[in-house]
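Student:
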Amino acid sequence: MTVLCKKLLGSAFALLIGTSFSMAQGRINEGDILKSLAGTGQAARAANLNLDVLRQDVEKRIQVEGTENAASPPPVLQALAKMPNLTVQIQFDFDSDWIRPASWETIGVIADALHHPLLLSDRFVVVGHTDAKGKRDYNLKLSERRAIAVSDMLISTFRIPPGRLIALGLGEEQLQDQSNPDAGVNRRVQLLNIGPR
Amino acid sequence: MRSSLTIAGAMVASILIGSPTVAQTIGYGEAIRGLTAACGADIEKHCKGIKPGGGAISVCLARNSSAISNGCAATFEAAFALLSRRAAAQDAAPQICAADAKRLCSNFRQGGARILRCLIRRDNIRKVSNQCNQAITDAGWR
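Quick note, the sequences are listed as chains A and B, same order. Just so we're aligned: 152 in this note's numbering is position 146 of the first sequence, and the numbers increase by one with no gaps anywhere. Just so we're aligned: 225 in this note's numbering is position 82 of the second sequence, and the numbers increase by one with no gaps anywhere.
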């Protein structure tokens, strides 16, 4: 399982050259998450991120032929790509939103960080991504169900108040590795800090 | 106290001490690691598709108690108890710390963890009551 914890304050290109390390070698820890997410709500405010607009844009965009893997994603996706975030790989059952037990610890550690005083007042967008295999609209729905599953587990098992989490599916619309659209590294879940209410 | 007790250790401790007045808690990540280490394969086999939360996994494992591994059968209840204990500590802390908050942090606005951040300030550590300090630690809030 691969984990990427990094701040993406640079260009969207920075997304493509992220360093990754295997969960087998080092499991995710609360300190890394705090470093990635604490105090980054300002960036979302500055980007004036509107999730309703974002959802509508993405829904519209996937109906248009020839926009797959486009070199110039819509402004709202570009803004999202530049935001500081925590990227983790969560193992789901094939074609399902059931989170495999191997990834429960990762979600538990994320919960520990979200309960920490440094993050306790912030809200987060849980973003689900798929690789580019299969249909775009199907992937969009699947990634949304998976984002909901992660946020449901944070809420029901690890007691994060529901009002602090917003689930968002981006399907294959924001690939981590655009030169390898089917690669596993694209299947990931991101957390974005959007600051206090 | 961020205890590094293993689940087995916690079980032994709770058997020896009975019901300790100070709850030992560990983080959610550590608690769930104990569960998935012992029961991950059993959950994959017997509880696939059942979403965690509301005791659903615990119910599933109990229903399959004759089929699951001995290691899982011996530990899953204790593992879920550790999750509950952390949750209970988080619920209890505001009440336990109410007097300290009033005494030391009355000039802080409510909400946004402001009171908590006041209580865990370095210069307040010695002024906060032992019970409140322990409650904050048990809740995992430092």
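Even for Gly, the Cβ is constructed at its ideal location relative to N, Cα and C.
(1) Helix, strand or coil for residue 100/A, going by three-state DSSP, please let me know.
(2) Please state the DSSP three-state secondary structure of residue 70/A.
(3) Write down the C-beta distance between residue 152/A and residue 134/A rounded to the nearest angstrom, noting that I regard them as a contact closer than 8 Å.
(4) Go through the stretch 110-178 of chain A residue by residue and report every complete run of the alpha helix (DSSP H) that reaches 4 residues or more, in order.
(5) Confirm, please, whether the CB-CB distance from residue 33/A to residue 174/A is below 9 Å.
(6) Helix or strand or just coil, what does DSSP make of residue 55/A?
(7) Taking the DSSP output, what are the residues bridged to residue 201/A?
(8) Which value, in whole angstroms, describes the spacing of the CA atoms of residue 222/B and residue 179/A?
(9) If we ignore side chains and look at the alpha-carbon of each, how far apart do residue 164/B and residue 274/B end up?
(10) By the 10 Å Cβ neighbour count, where 16 or more other Cβ atoms means buried, how is residue 49/A classified, buried or exposed?
(11) Tell me the DSSP secondary structure of residue 180/A in three-state form.
(12) Can you name the start and end residues of the alpha helix (DSSP H) that residue 254/B belongs to?
(13) State the start and end residues of the unbroken alpha helix (DSSP H) segment that holds residue 202/B.
(14) Going straight from the alpha carbon of residue 204/B to that of residue 214/B, what length do you get?
(15) Tell me the residue span of the alpha helix (DSSP H) that contains residue 230/B.
(16) Excluding sequence positions up to five away, which residues of its chain have a Cβ less than 8 Å from the Cβ of residue 262/B?
(17) Determine which residues of the stretch 207-240 of chain B have a Cβ less than 9 Å from any Cβ of chain A, and write them out in chain order.
(18) For the stretch 142-150 of chain A and the stretch 183-195 of chain B, state whether three or more C-beta atom pairs, one from each stretch, are separated by less than 8 Å.
(19) Do you know offhand how far residue 109/A's Cα is from residue 269/B's?
(20) Taking only beta-carbon positions, decide if residue 259/B is within less than 9 Å of chain A.
(21) Going by DSSP, what residues sit across from residue 194/A in a beta bridge?
(22) In whole angstroms, what is the alpha-carbon distance linking residue 165/A and residue 202/B?
(23) Is the beta carbon of residue 248/B within less than 8 Å of some heavy atom of the ligand GDP?
(24) Measure the C-alpha to C-alpha separation of residue 101/A and residue 131/A and round it to an integer number of angstroms.
(25) If we define contact as Cβ-Cβ less than 9 Å, is residue 275/B a contact residue for chain A?
(26) Strictly below 9 Å CB to CB, what residues from chain A border residue 285/B?
Tutor: So, from the data block:
(1) The residue labelled residue 100/A in the question sits at position 94 within the first sequence. The answer is coil: DSSP assigns residue 100/A none of H, G, I, E or B.
(2) Within the first sequence, residue 70/A is the residue found at index 64, counting from 1. Residue state for residue 70/A is assigned as coil, using DSSP reduced to three classes.
(3) Position 146 of the first sequence, counted from the first residue, corresponds to residue 152/A. Position 128 of the first sequence, counted from the first residue, corresponds to residue 134/A. Going by Cβ atoms, the distance from residue 152/A to residue 134/A rounds to 4 Å, so yes, they are a contact pair.
(4) Listed in chain order, the complete alpha helix (DSSP H) runs (minimum 4 residues) inside the stretch 110-178 of chain A are 110-120, 142-162.
(5) Along the first sequence, read from residue 1 onward, the residue named residue 174/A stands at position 168. Along the first sequence, read from residue 1 onward, the residue named residue 33/A stands at position 27. No; because the gap between Cβ atoms is not below 9 Å, this pair is not in contact.
(6) Start at 1 with the first residue of the first sequence, and residue 55/A comes out as number 49. Three-state DSSP puts residue 55/A in coil, outside helix and strand.
(7) In the first sequence, counting from the first residue as 1, residue 201/A sits at position 195. Looking at the DSSP output, residue 201/A sits in a beta bridge with 129/A.
(8) Taking the second sequence and counting its residues from 1, the one referred to as residue 222/B is at position 79. Taking the first sequence and counting its residues from 1, the one referred to as residue 179/A is at position 173. If I take the Cα positions, the gap works out to 39 Å.
(9) The residue you call residue 164/B lines up with position 21 of the second sequence. The residue you call residue 274/B lines up with position 131 of the second sequence. Residue placement at residue 164/B is flagged as unreliable, the pLDDT there being 46, under the threshold of 50; the coordinate-derived value follows with that caveat. Going from the Cα of residue 164/B to the Cα of residue 274/B covers about 11 Å.
(10) Against the first sequence, residue 49/A aligns to sequence position 43. Residue 49/A should be labelled buried.
(11) Stepping through the first sequence from its first residue, residue 180/A is reached at position 174. Correct three-state label for residue 180/A: coil.
(12) If you number the second sequence from 1, residue 254/B lands on position 111. From DSSP, residue 254/B is part of no alpha helix (DSSP H); its letter is neither H nor E.
(13) Here residue 202/B is taken as the residue at index 59 of the second sequence, counted from 1. Residue 202/B -> alpha helix (DSSP H) spans 199-206.
(14) Your numbering for residue 204/B matches position 61 in the second sequence. Your numbering for residue 214/B matches position 71 in the second sequence. The C-alpha of residue 204/B lies about 12 Å from the C-alpha of residue 214/B.
(15) Along the second sequence, one-based indexing puts residue 230/B at 87. Unbroken alpha helix (DSSP H) run through residue 230/B: 213-239.
(16) Your numbering for residue 262/B matches position 119 in the second sequence. Answer for residue 262/B: 240, 243, 244, 247, 248, 271, 275, 279, listed in chain order.
(17) Hits within the stretch, in order: 226, 229, 230, 233, 234.
(18) Fewer than three beta-carbon pairs drawn from the stretch 142-150 of chain A and the stretch 183-195 of chain B are found closer than 8 Å, and the two stretches are therefore not classed as touching.
(19) On the first sequence, position 103 is the one that residue 109/A refers to. On the second sequence, position 126 is the one that residue 269/B refers to. Rounded to the nearest angstrom, the two C-alpha atoms are 39 Å apart.
(20) Position 116 of the second sequence holds residue 259/B. Flagged as an interface residue toward chain A: residue 259/B, by a C-beta distance shorter than 9 Å.
(21) The sequence position of residue 194/A within the first sequence is 188, counting from 1. By DSSP's assignment, residue 194/A forms a beta bridge with 135/A.
(22) The residue you call residue 165/A lines up with position 159 of the first sequence. The residue you call residue 202/B lines up with position 59 of the second sequence. Cα to Cα, residue 165/A sits roughly 19 Å from residue 202/B.
(23) In the structure shown, the ligand GDP is absent, as is every other ligand, since no ligand is present at all.
(24) Along the first sequence, read from residue 1 onward, the residue named residue 101/A stands at position 95. Along the first sequence, read from residue 1 onward, the residue named residue 131/A stands at position 125. Taking the straight line joining both Cα atoms gives about 22 Å.
(25) Along the second sequence, read from residue 1 onward, the residue named residue 275/B stands at position 132. Put simply, the CB of residue 275/B is far from chain A, with every gap to its CB atoms at 9 Å or more.
(26) In the second sequence, the residue the question calls residue 285/B occupies position 142. By Cβ distance, chain A contributes 122, 123.
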